[in-house]
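Enquirer:
Chains as they are written, first to last, in the numbering used here: chain A, 73 to 339; chain B, 2 to 334.
(1) So does the stretch 183 to 199 of chain A actually touch the stretch 113 to 127 of chain B, counting three or more Cβ pairs closer than 8 Å?
(2) The alpha helix (DSSP H) spanning residue 239 of chain A covers which residue range?
(3) So for residue 127 of chain A, helix, strand or coil by DSSP?
(4) If you draw a straight line from the C-alpha of residue 10 of chain B to the C-alpha of residue 240 of chain B, how long is it?
(5) Could you give the C-beta distance for residue 101 of chain B and residue 170 of chain A, rounded to a whole number, given that I count them as a contact under 8 Å?
(6) Tell me whether residue 318 of chain B counts as near the ligand GDP, meaning its Cβ is closer than 8 Å to at least one heavy atom of that ligand.
(7) Quick check on residue 105 of chain B: does DSSP put it in helix, strand or coil?
(8) Spatial neighbours of residue 81 of chain A within its chain, please: C-beta separation below 6 Å, excluding the five flanking residues on both sides.
(9) Listed from N- to C-terminal order along the chain, which residues in the stretch 175 to 188 of chain A have their beta-carbon within a distance smaller than 7 Å of any beta-carbon of chain B?
(10) Could you tell me whether any Cβ in chain B is nearer than 9 Å to the Cβ of residue 81 of chain A?
(11) Who are the neighbours of residue 290 of chain A on chain B, taking C-beta pairs under 9 Å?
(12) Alpha carbon to alpha carbon, how far is residue 194 of chain B from residue 133 of chain B?
(13) Mind checking who residue 220 of chain B pairs with in its DSSP beta bridge?
(14) Taking beta-carbon pairs under 9 Å, can you tell me which members of the stretch 72 to 85 of chain B lie near chain A?
(15) Mind pulling the chain A residues with CB within less than 8 Å of residue 108 of chain B?
(16) Given a cut-off of 9 Å, decide if residue 231 of chain B and residue 59 of chain B are closer than it, judged by their beta-carbon atoms.
(17) Would you say residue 158 of chain A and residue 247 of chain A are within 9 Å of each other, going by their C-beta atoms?
(18) Starting from residue 106 of chain A, follow the alpha helix (DSSP H) in both directions and report where the run begins and ends.
(19) Of all the CB atoms in chain A, is at least one closer than 9 Å to the CB of residue 128 of chain B?
(20) Taking the alpha-carbon positions, what's the residue 96 of chain B to residue 172 of chain A distance?
(21) With a threshold of 9 Å between beta carbons, is residue 63 of chain B in contact with chain A?
(22) Going by beta carbon distance, what residues of the same chain come within less than 8 Å of residue 116 of chain B, once the five residues before and after it are set aside?
(23) Excluding the five sequence neighbours on either side, which residues of its own chain have a C-beta within less than 8 Å of the C-beta of residue 229 of chain A, listed in chain order?
(24) Could you spell out where the alpha helix (DSSP H) holding residue 47 of chain B opens and where it closes?
(25) Among A:249, A:123, A:103, which residue has its Cα nearest to the Cα of residue 147 of chain A?
(26) I'd like to know if residue 334 of chain B contacts chain A, where contact means its C-beta is closer than 9 Å to some C-beta of that chain.
(27) Is residue 241 of chain B helix, strand or coil when you go by DSSP?
(28) Which of helix, strand or coil does DSSP assign to residue 96 of chain B?
(29) Can you tell me whether DSSP reads residue 81 of chain B as helix, strand or coil?
(30) Is there contact between the stretch 251 to 261 of chain B and the stretch 218 to 237 of chain B, where contact requires at least three CB pairs shorter than 8 Å?
(31) Would residue 116 of chain A and residue 263 of chain A be called neighbours here (beta carbons separated by less than 9 Å)?
(32) Use the C-beta contact count for residue 72 of chain B: other C-beta atoms within 10 angstroms, 16 or more gives buried, fewer gives exposed.
(33) Mark residue 312 of chain B as exposed unless 16 or more other C-beta atoms lie within 10 angstroms of its C-beta, in which case mark it buried.
(34) Between which two residues does the alpha helix (DSSP H) harbouring residue 173 of chain A extend?
(35) Whose Cβ in chain A lies nearer than 7 Å to the Cβ of residue 224 of chain B?
(36) Check the Cβ of residue 156 of chain A against every Cβ in chain B and list those closer than 8 Å, keeping chain order.
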């Protein structure tokens, strides 16, 4: 019975996403352009290196990774920082706060509908295309199940980070700079724009101790892992689980102590 | 019976950074620790019973919204005690939410892109309203307003009036004990205002819902409120029934006239003619505040016309702001 109110938000989210057909098309075209840029950029990088394999990855390995990372980004990105920031600036947050549901829960489930739509609009088609074009770059086995678990954790870690950054807006009352900063940090350190294998060794080691790689690198590693050893999989998912708990605790605590800061004026 | 809202000596303070002027000032502000304390609400006490409609008035920035936010549990008072349904609202925000409904005239809780009925269904699930209650509520709505054409219209395509109406219906949907209406008639035309007043009145009667109404429109107050609370600069100025308030401002009206020649000079002359009246002039109008217990507006106008040609005139009922100004200047008798 309790689940119904959350699924109801999912349902409304799906309906709302479907209202904006043009935006789906535009996102699709925008991604295509991005992927073309990525293709030529990495082609040039490989050409100038003069080697077939750079940092243990071939050109097609890199490309597959980045195509899937882009699809994953489009699936997961929820712009929660924007949403929280705008709600704080406009004062609409008051209306959300007086729903009989915790704000972070309410916001998450409001977004959940767009996950469903994005899954069918971007992630799933990309996956199918990559499967067909590469003839088996993605092994079809248990790794798919691990991937799904990993993505669910990644979505929640990403949300916790977004929520944390959104909470900062309670203090700054500005969004833009904070949002850009967050996006750059997450996209770079998570391996969404450059595979982590390409990072210099010291930085790569540091990155493995940060939560960001759990968002993109972890699920993609599991998906593309050629021979998934159970132990490795457990380590990846375990790390994600730990990061989920840590980011959850921190963002929740931060929200709790920050909420009294609210000073929305007028209305 | 215990009151639904019980407020004792609440105060809310905000810390505001003292800003400096100019670019250099803005840069200095980055490192400034120079805060001042602003009292948005200062020692307010009131208690409201089930089923009352209370007009909560005061000029912009008086602290009305801050009080409402404390009653809804969004803000925590700096000091004092506030009980809503016998509970501390900011400690039990999610539980308190079941018992309150809120409409802010300038923003909407409805799902913008979806037809109204979808928002209702969503609220039904979020507030866990039973099917029977939902159906009986919809039947009630149908009997009060022509809701059918609105239900299937996306909220973003609605006029402001339709949207406000829908927002009010949404706020009452889970049959809360208290509904806060913050300037619900702002920006609406006369007929829509009347419709909304009738609706609020009917819902209050039907469900015995307590309504706290913030407004700048005296028409709302006249149509709905038995009791009025006025605050300004965070302090409570008045808390009594409407008849009492009317006694103190009802006989005042503002007569505005336009005459040929210099308005300033003319206003000085009028001031001499009627030493008991307050006469002011701006670029367009000469305003005369008339106490109709002493002299009627017609008498003033006749007398004025004997001396000079009145080119244009307007009669203004005294506004909420004027009453508050008067109460503020003279205190409560």
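Cβ atoms here follow ideal geometry from the backbone N, Cα and C, with glycine treated the same way.
Expert: In this structure, then:
(1) no
(2) 214 to 244
(3) coil
(4) 14 Å
(5) Yes, they are in contact, since the Cβ atoms of residue 101 of chain B and residue 170 of chain A sit about 7 Å apart, within 8 Å.
(6) For the ligand GDP, the structure offers nothing, since it holds no ligand at all.
(7) strand
(8) 181, 182
(9) none
(10) yes
(11) What residue 290 of chain A touches in chain B: nothing, since even the nearest Cβ is about 33 Å away.
(12) 31 Å
(13) Paired residue(s): none; residue 220 of chain B is not in a bridge.
(14) Cβ contacts with chain A: 73, 74, 75, 76, 77.
(15) 162, 163, 164, 167, 339
(16) Cβ atoms of residue 59 of chain B and residue 231 of chain B: closer than 9 Å.
(17) yes
(18) 93 to 121
(19) Closer than 9 Å to some Cβ of chain A, the Cβ of residue 128 of chain B qualifies, so yes.
(20) 6 Å
(21) Interface residue (Cβ-Cβ distance to chain A less than 9 Å): residue 63 of chain B is not classified as such.
(22) 152, 153, 154, 155, 156
(23) For residue 229 of chain A, where only same-chain residues beyond five positions count, the Cβ hits under 8 Å are 283, 286, 287, 312, 315, 316, 319.
(24) For residue 47 of chain B, no alpha helix (DSSP H) encloses it; the enclosing beta strand (DSSP E) starts and ends at 36 to 49.
(25) It is A:103 whose Cα lies nearest to the Cα of residue 147 of chain A.
(26) Only weak support is given to the placement of residue 334 of chain B: the predicted model assigns it a pLDDT of 47, under 50, and the question is left unresolved by the model.
(27) It is a strand residue.
(28) When secondary structure is reduced to three states using DSSP, residue 96 of chain B falls in the helix class.
(29) strand
(30) Taking 8 Å as the limit for Cβ pairs, the verdict is that the stretch 218 to 237 of chain B does not touch the stretch 251 to 261 of chain B.
(31) no
(32) buried
(33) exposed
(34) Looking at the DSSP string, residue 173 of chain A is not in any alpha helix (DSSP H), and its letter there is neither H nor E.
(35) Neighbours of residue 224 of chain B on chain A: none; closest Cβ ~22 Å, over 7 Å.
(36) Within chain B, no residue comes near residue 156 of chain A; the closest Cβ sits about 15 Å away, beyond 8 Å.
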